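Chemist:
Residue numbers (this note's numbering): 45 to 128.
(1) For residue 108, which residues in the same chain have their Cβ closer than 7 Å to its Cβ, ignoring the five residues on either side in sequence?
(2) Taking residue 70 as the reference, which of 60, 78, 64 and 76 has the closest Cα?
(3) Express the C-alpha separation of residue 123 and residue 94 in angstroms, rounding to a whole number.
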């Protein structure tokens with residue numbers, strides 16, 4: 045799940061394709077579905093300084109965050125998106 049295609053692309057490129065153990069990445073984007081598609085959101089309640097994505101440092105210093113490709117993470121207090 046992501047807020048936009050740019051955010052999804054940032055996640056895939058920055059955290060999956062960049063992993064040296066990953067040999068190939070292939071995914072499809074679902075624009076609309078035949079049935080209602082509900083994904084339960086499990087939000088981590090405790091605040092943390094380190095983003096769970098593994099970014100070393102604050103979200104604010106991440107190029108993807110600065111270019112608004114990644115919205116940041118709510119647990120760091122640096123999320124710049126909006127919840128539904």
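Glycine included, C-beta positions come from ideal geometry on N, C-alpha and C.
Here the structure is a predicted model, which means the values were calculated and not measured.
Modeler: Looking at the coordinates:
(1) 54, 58 and 114
(2) Selected option, being the one with the closest Cα: 60.
(3) 13 Å
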